[in-house]
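Okay, so here's the structure we're looking at.
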């Protein structure tokens, strides 16, 4: 892709944000300038809609977001979900059955209502989110699986995520997608065919942008499909080895505004 990109897509955690989950003024400014100049910028994250407010408060203006690893496309200006691709209750039930058979002691949670709410088993460990209005424990396994979920989350104590994701993916082969974006053993499960690449492809087509004209940034295995799909794939220097392996280029780490530095070079802004 020698011409300037027509769409910029970036992961959030570990890519745009620094390790303390703050967005630098430099990064916010370059995203605003690029967007204002006519090249759209979209955030592509495993995170839910309800988590985005923390990011939007640090941006000049809110940016569209592809959430839940591609399952939800969200317009923050109108607060509307443009597209959602959840796991149906029947599919959730079969996924949960296979996981419980394969992984003793597995704990499950679901992102529901287009990821505006979360439900979890009582023994599921909450790590970062304690919004009591949106998140609560269910009273029965059946309640957990009763409504469509844009993402199913699985934990089984501390696990090597690269090993654990292969166990989960093997159990769910042909039924659902399994990936991870953390080092704590959390596995993220979506409907078959639902990935960051699929969500971004739908969004790019809506804008009339070919994949060859998409510039994408990422750092973790859940970014691999998106980076493999995009015309130009850039890993931050702190990225997982699987991401660096498939990226066309590597920029600076998230702690040193690697995405902003790359965009300044491509778009000639400072």
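In this note's numbering, the protein residues as written are 940 to 1209.
Glycine residues also receive a C-beta, built at the ideal position from the N, C-alpha and C atoms.
None of the values given here were measured: they were computed from a predicted structure.
>> In chain order, what are the residue ranges of uninterrupted alpha helix (DSSP H) at least 4 long that sit wholly in the segment 1004-1073?
In response: 1028-1041
> Which class does residue 1185 belong to by DSSP, given the choice of helix, strand or coil?
Replying inline: Within the chain shown, residue 1185 is the residue found at index 246, counting from 1. DSSP places residue 1185 in helix when its eight states are reduced to three.
> Per DSSP, residue 1157 forms a beta bridge with which residues?
Replying inline: Stepping through the chain shown from its first residue, residue 1157 is reached at position 218. Answer by DSSP bridge pairing, in chain order: 1174.
> Beta carbon of residue 998, beta carbon of residue 971: below 9 Å?
Replying inline: Residue 998 sits at position 59 when you count from the first residue of the chain shown. Residue 971 sits at position 32 when you count from the first residue of the chain shown. In this structure, residue 971 lies closer than 9 Å to residue 998 by Cβ.
> Do you know offhand how far residue 1022's Cα is from residue 1011's?
Replying inline: Taking the first residue of the chain shown as position 1, residue 1022 is located at position 83. Taking the first residue of the chain shown as position 1, residue 1011 is located at position 72. Their backbone Cα atoms lie some 6 Å apart in a straight line.
> Hey, which unbroken runs of the alpha helix (DSSP H) at 4 residues or more fall wholly within the segment 1063-1145?
Replying inline: 1080-1083 and 1100-1110
>> Less than 9 Å between the beta carbons of residue 1199 and residue 1165, yes or no?
In response: For this step, residue 1199 is matched to residue 260 along the chain shown. For this step, residue 1165 is matched to residue 226 along the chain shown. No, these two residues do not count as a Cβ contact at 9 Å.
>> Helix, strand or coil for residue 940? Go by DSSP, reduced to three states.
In response: On the chain shown, residue 940 is found 1 positions in, with the first residue counted as 1. Its pLDDT being 47, under 50, residue 940 is placed unreliably in this model, and the value from its coordinates should be taken loosely. Coil.
>> For residue 1101 and residue 1126, I'd like the C-alpha separation in whole angstroms.
In response: Walking along the chain shown from the start, residue 1101 turns up at place 162. Walking along the chain shown from the start, residue 1126 turns up at place 187. Approximately 10 Å, taken between the alpha carbons.
> Three-state secondary structure (DSSP) at residue 978?
Replying inline: For the purposes of this step, residue 978 is taken as residue 39 along the chain shown, with counting starting at 1. Residue 978 falls in the coil class under three-state DSSP.
>> If you measure between the beta carbons of residue 985 and residue 1120, is that distance less than 9 Å?
In response: Your numbering for residue 985 matches position 46 in the chain shown. Your numbering for residue 1120 matches position 181 in the chain shown. Contact: yes.
> With DSSP run on the structure shown, which of helix, strand or coil describes residue 1190?
Replying inline: Stepping through the chain shown from its first residue, residue 1190 is reached at position 251. Note: residue 1190 maps to strand in three-state DSSP.
> Looking at residue 1182 and residue 1159, is the spacing between their C-beta atoms short of 9 Å?
Replying inline: For the purposes of this step, residue 1159 is taken as the residue at position 220 of the chain shown. For the purposes of this step, residue 1182 is taken as the residue at position 243 of the chain shown. The answer is yes: Cβ separation under 9 Å.
> Thinking just about the alpha-carbon of each residue, which of 1142, 943 and 959 is nearest to the one in residue 973?
Replying inline: Residue mapping note: residue 973 aligns to position 34 of the chain shown, counting from 1. Comparing Cα positions, the closest option is 943.
> How about residue 1130 and residue 1115: do their beta carbons lie closer than 9 Å?
Replying inline: Here residue 1130 refers to the residue found at position 191 when the chain shown is read from its first residue. Here residue 1115 refers to the residue found at position 176 when the chain shown is read from its first residue. Yes, the pair counts as a contact, with Cβ atoms nearer than the cut-off.
> Which first and last residues belong to the beta strand (DSSP E) in which residue 1208 is found?
Replying inline: Along the chain shown, one-based indexing puts residue 1208 at 269. Where residue 1208 is concerned, there is no enclosing beta strand (DSSP E), given that its DSSP letter is neither H nor E.
>> Let's test the definition: count the other Cβ atoms within 10 Å of the Cβ of residue 950 and tell me whether it reaches 16, buried, or not, exposed.
In response: Position 11 of the chain shown, counting from 1, holds the residue named residue 950. It is buried - the Cβ of residue 950 has at least 16 other Cβ atoms within 10 Å.
>> Since residue 1176 and residue 1191 should fall inside the 8 Å C-beta cutoff, what is the C-beta to C-beta distance between them, to a whole number of angstroms?
In response: As a position in the chain shown, residue 1176 is number 237, starting the count at 1. As a position in the chain shown, residue 1191 is number 252, starting the count at 1. Contact flag correct, Cβ pair sits at about 6 Å.
>> What would DSSP say about residue 948, mapped onto helix, strand or coil?
In response: Translated into positions along the chain shown, residue 948 becomes position 9. The answer is strand: DSSP assigns residue 948 an E or B state.
> Rounded to whole angstroms, how far is the Cβ of residue 1143 from the Cβ of residue 1133, which I believe are closer than 8 Å?
Replying inline: Looking up residue 1143 in the chain shown gives position 204. Looking up residue 1133 in the chain shown gives position 194. Their Cβ separation, rounded to whole angstroms, is 16 Å, which puts residue 1143 and residue 1133 out of contact at 8 Å.
> In this structure, does DSSP put residue 1148 in helix, strand or coil?
Replying inline: For the purposes of this step, residue 1148 is taken as the residue at position 209 of the chain shown. In this structure, residue 1148 counts as coil in the three-state DSSP scheme.
> Can you name, in chain order, every residue of its own chain whose Cβ lies under 6 Å from the Cβ of residue 1032, other than the five neighbours on each side?
Replying inline: Counted from its first residue, the chain shown places residue 1032 at position 93. Around residue 1032: 1084.
> Hey, out of 963, 1123 and 1197, whose CA is closest to residue 1097's CA?
Replying inline: Numbered from its first residue, the chain shown carries residue 1097 at position 158. Minimum Cα distance to residue 1097 is reached at 1123.
> Should residue 1171 be labelled buried (16 or more other beta-carbon atoms within 10 Å of its own) or exposed?
Replying inline: Residue mapping note: residue 1171 aligns to position 232 of the chain shown, counting from 1. Buried is the call here.
> If you compare alpha carbons, which of 1194, 1107 and 1053 is closest to residue 1090?
Replying inline: The residue given as residue 1090 occupies position 151 in the chain shown. If we check each option's Cα against that of residue 1090, 1053 comes out closest.
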